[in-house]
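**Q** Mind having a look at this structure? Questions to follow.
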Amino acid sequence: MPPLLPGRSAPRWLGATLRFIGTVAVAIWLVSVLPYLLLFSLLLALLLIPTLRRLRTELERTIDVPPRPLTDITPWHRKLLKQLALWQQGRR
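If you're matching positions, the sequence shown starts at 29 in my numbering and goes up one per residue.
As structure tokens, then:
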């Protein structure tokens with residue numbers, strides 16, 4: 029295609045044709061890649077089965093462990109303000 033002069037644009041039919049050809053090429057490529065993607069996902073799922081079984085047994089083992097008691101992590105100045113507020117309410 030020869031270079032266009034300034035101020036001239038390519039015909040619309042040419043742009044539409046190129047977009048259509050690109051769309052068809054991408055659609056064909058996706059259809060041809062789909063079986064490989066499905067096969068890869070099947071193999072990955074089969075490889076995950078032993079890992080998930082082990083994870084399930086470890087989770088079942090840890091469920092029997094009693095939970096640790098909760099630890100109060102309130103900063104000292106907040107505790108002091110709370111005690112002060114309770115003390116003031118008791119004086120009223």
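Just so you know, even glycine gets a beta-carbon here, dropped at the ideal spot from N, CA and C.
Because the structure is a prediction, the values reported are computed rather than measured.
Expressed to the nearest angstrom, what Euclidean distance is found between the alpha-carbon atoms of Leu-66 and Leu-75?
**A** Taking the sequence shown and counting its residues from 1, the one referred to as residue 66 is at position 38. Taking the sequence shown and counting its residues from 1, the one referred to as residue 75 is at position 47. Their backbone Cα atoms lie some 14 Å apart in a straight line.
**Q** State the Cα-Cα distance for the pair Trp-57 and Arg-81, rounded to the nearest angstrom.
**A** Start at 1 with the first residue of the sequence shown, and residue 57 comes out as number 29. Start at 1 with the first residue of the sequence shown, and residue 81 comes out as number 53. Straight-line Cα distance between these residues: approximately 37 Å.
**Q** What are the boundary residues of the alpha helix (DSSP H) that Gly-35 is part of?
**A** In the sequence shown, residue 35 corresponds to position 7, counting from 1. First-last for Gly-35: undefined, no H or E at that position.
**Q** Just reading off the alpha helix (DSSP H) that Arg-119 is part of, what are its end residues?
**A** Taking the sequence shown and counting its residues from 1, one reaches residue 119 at position 91. Start and end: 104-119.
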